[in-house]
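Note that this note's numbering has the sequence shown beginning at 35, numbered continuously upward. Below is one structure, written out as structure tokens; comments come after it.
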Amino acid sequence: MNSKLSFDTKILIAIIMIIVAVGSIGFYAYRSMNNVIAAIIKQASPNEKLLLLKGVTINLNEAENYVKTYSFSANSSYIDSFKIAKANTYIKIKQLNKLTLPNAHQKMVVDSLDKMIGKRFLLLEQIQRSGKNYTYRQTLDKVYEKIVTEKTTSKQEIKSPLKKRKTFLKKIFGTQQMQKNSAVEATPAISRNQLQKELAEVKKEESTYEQRKLNKQLNLNQKDELIMDQINVLIKELESAEAIVMIGKTGEVQSITGRANNYILLIISVICILLIILAITILRYLQKGRIYNFALQAAKSDTEELFKVKQNFFTRMSHEIRTPITAIIGFTDQVLNTPLTKEQNFQLAIVKKSGEHLLVIANEILDLSKLESGKLKTILIPFDPNEILNEIFVMMQNEARQKQLIYTLSSDKDTPSNLIGDPMRLKQVLLNVLGNAIKFTDKGEVSITYSSTKTGDKNILLNILVKDSGIGIANSRIEKVFNEFEQADEHTSLKFGGTGLGLNISQKLLKLLNGNIELKSEENQGTLVIISVPFAVGEKPVERIKLQVPEAFNEVQILKGKSILIVDDNEYNQLLFSTILKSTGVLCDQAINGKIAIDLHVKNNYDVILMDLIMPEMNGIEATTYIRTQLKGQKANVPIIALTALGSDNIVTRAREAGINDMLNKPFKKQDLYKKILTVLKIFPPHSNENIAKTQVPSINTIEAPPFNLQDLYRVAGNDKSFIKDMIDVFIRTTREGMVKVKYFTEQKEWENLANAAHKISAPCKHIEAKLILGLIKQIEDNARSLNNIDKIEALVIQLEMEAESLIILLEKEITK
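What follows is the structure, encoded as structure tokens:
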């Protein structure tokens, strides 16, 4: 382990430190801010002590006012208000006692204040009592006592209604009432002078009393002022003490804020330093990263360029190999049809076999190119594995017989005969593996054994074992034989030949099929290859339709007199085409590129143009585009067959878009060339429904009704096979497009759109009486529209896809006949 910390570790440590620092700042700042806010809120809220002191002052002043007002008005309600003010004062003093408990000095001041307030209330009560206004009534009572009245009444005396002792005024008014009621007369007992004298004495006495009362009130007021001054002093002392406390709290808040600021500043400084270090580190890393990325991009570009060069090389090499192979195989066939000696026949057979071997190599290279570029696709169609294995066994039987090998095929009877998958790719793998087994076994046996293992309700694992007693492979070389261009050793390559691509391609094909290949071998003991591929089990048995074509159909006689333009830059291919066609009486012209071909076509009338796609100056696609767009009439519509050694899907698509009528792959057989020409000329053998016969395949269940019926279509077309082909092409295209939509809407659960898409597929199916597919479409459409049995729709769509693809394959075979 490297003792130095990696860049990722450094960055991680720095980030953790920054997170911790930021977290610390956040926590401390949060706590400090809470303390500051609490202190500010406390300071911002009214001070309870000061409010209470203010209330005490107000209550004392109110009590004093109530006492003085009472002294002048003698209204007893002011006495009640005085008592309330007194009670409120003591309540506030009690609250102050509680608030000042923590502060001894303030508590002492409050106690003193309590005593002084008690003294003041005693003085106020004395002032209130000294102010009673009852002296005038007493004076009048004295005057009345000195006045004697003599009552003179009439003969009928009326009893006085007044029983109680009355005051002077009441007696006067009461006497008047008595006079009215009883007519009693009273005569004063004293004289006027004497009355004045008595009044003067009373006045003097009253004056003396008032003077004494005034002196007493002044004395009480002076004492009250002294006590109030002392109370004010105590209140001011309390206010000053509270102000000092508040100043102290403000200083504390400032201290907390200062400490928090210093701490935050310190941590921010640390964070800044860490960020600077982190930024420098990241910048250095990015600088190195840019250098590395530049190198990686350059390497990626070089790799992609090399890959493109490799693809182009494979494609070009395949084309360049196929082109001379076309000439080799074609001319060999031509010569083999002439009178030859036995030795010449043997030699030419070797030439033809060598050419076919080169073709296998070219095909392997092209397959490898497609696999690496991801362009090789698989299809899912029903097939019978028993048929595939039997077909492969029979195909290789002759080679095994030539080497006098024991050659056997055995199977498990429980293997289903109706699987869903790609039989063509499986066949290609088996041909490679079985071909190797026979090639590397000089004596002994080669056996094929296959069985199946159930992995689900509708899934199985097909296991195929290919065993031989050949030269075997050393354990150290087993893994390498799956590499490109690898064989067991150089001796093997020199002795047995081959490209070393077979197993590599087989492994990649099996990967496409989600399968696996395993190789067990011992040197000089033989090899066991185990192939395992998962497949779905179909719901219905596989059926096969054989299309029979009448034998009495002579292409040579039909082509005689036709005019054909051969456009190919390879002189051997020109010669081969001319030789084959002239033997049928066809008139041929030749051109080495598209430009010359256009000039010849403008000057002459040709029935068909055979157009190579890869040529100098103007290629076949460009020439076809010019003919279709720039020329007019019959010259623009001349049938054109593309000649190509390229298997590229892109080339095929471009050719179709340009207006190519058909494709002929090199190398080819002359019968294939005849059929292509007759097809584009719309010349077909007699064809009727009687020629369509159902045949049974061994060990496969068959279905009585064919999957389609073209009888009505042939009748409507008047046996015009070109029209039939166009209709079938349209059917295939629209069905595949429709199935894409059906699958999409099923996945999205858009039932209404699914019903519409399924219905759209049904129309062309009716023309060819594809009853099975029509039945499935009807079920899907009904369930989607009614929303009943929605859970069954997915299974129906899967079945529809399988049946549609199976039907399309059969139709494609139909149009190639």
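For glycine and all other residues, C-beta sits at the position ideal for the given N, C-alpha and C.
If I follow the unbroken beta strand (DSSP E) through residue i, where does it start and stop?
i, result
"residue 624", "621-625"
"residue 676", "674-678"
"residue 445", "440-445"
"residue 698", "696-699"
Let's see if you can read the secondary structure: which residues bound the alpha helix (DSSP H) around residue i?
i, result
"residue 665", "Neither: residue 665 is in no alpha helix (DSSP H) and is coded neither H nor E."
"residue 603", "From DSSP, residue 603 is part of no alpha helix (DSSP H); its letter is neither H nor E."
"residue 429", "419-429"
"residue 809", "805-820"
"residue 476", "Here residue 476 belongs to no alpha helix (DSSP H), and DSSP marks it neither H nor E."
"residue 595", "Looking at the DSSP string, residue 595 is not in any alpha helix (DSSP H), and its letter there is neither H nor E."
"residue 865", "The structure shown does not extend to residue 865, since the chain is modelled only from 35 to 851, so the question has no answer here."
"residue 786", "785-801"
Per DSSP, what are the beta-bridge partners of residue i in this structure?
i, result
"residue 710", "None, per the DSSP bridge assignment."
"residue 460", "Answer is none; residue 460 lacks a bridge partner."
"residue 570", "454 and 493"
"residue 153", "DSSP, once it has assigned bridges, lists no residue as partnering residue 153."
"residue 487", "495"
"residue 614", "Its beta-bridge partners do not exist; DSSP assigns none."
"residue 561", "502 and 555"
Does DSSP classify residue i as helix, strand or coil?
i, result
"residue 640", "coil"
"residue 836", "helix"
"residue 289", "helix"
"residue 842", "helix"
"residue 645", "strand"
"residue 413", "coil"
"residue 501", "strand"
"residue 134", "coil"
"residue 729", "Reliability fails at residue 729, whose pLDDT of 30 lies under 50, so the model's placement of it is uncertain and the value that follows must be treated cautiously. Coil."
"residue 508", "coil"
"residue 758", "helix"
"residue 772", "helix"
"residue 235", "helix"
"residue 448", "coil"
"residue 68", "helix"
"residue 652", "coil"
"residue 380", "helix"
"residue 110", "coil"
"residue 358", "helix"
For residue i, which residues in the same chain have their Cβ closer than 7 Å to its Cβ, ignoring the five residues on either side in sequence?
i, result
"residue 12", "Shown here, the chain extends from 35 to 851; a query on residue 12 therefore has no answer."
"residue 694", "658, 674 and 676"
"residue 608", "600, 602 and 624"
"residue 558", "505 and 506"
"residue 84", "273 and 276"
"residue 134", "140, 141 and 144"
Let me see if you follow: with CB-CB separation under 8 Å, is residue i close to chain C or not?
i, result
"residue 445", "Chain labels in this structure do not include chain C; a single protein chain is all it has."
Using C-beta distances below 6 Å, list every residue in its chain close to residue i, excluding the 5 sequence neighbours before and after it, in chain order.
i, result
"residue 131", "144"
"residue 692", "655, 658 and 659"
"residue 556", "506"
"residue 446", "485"
"residue 664", "none"
"residue 464", "426"
"residue 554", "562"
Could you pull out every residue in the same chain whose Cβ sits closer than 8 Å to the Cβ of residue i, ignoring the five residues on either side in sequence?
i, result
"residue 461", "422, 425 and 426"
"residue 594", "618, 619 and 620"
"residue 103", "109 and 112"
Exercise for the section: Just list the beta strand (DSSP E) runs in the stretch 299-348, keeping only unbroken ones of 3 residues or longer that don't cross its boundaries, in chain order. Expected result: none
Practice task
Report the residue ranges of all alpha helix (DSSP H) runs contained in full by the stretch 534-559; include only those spanning at least 4 residues, in chain order.
Solution key: 536-546
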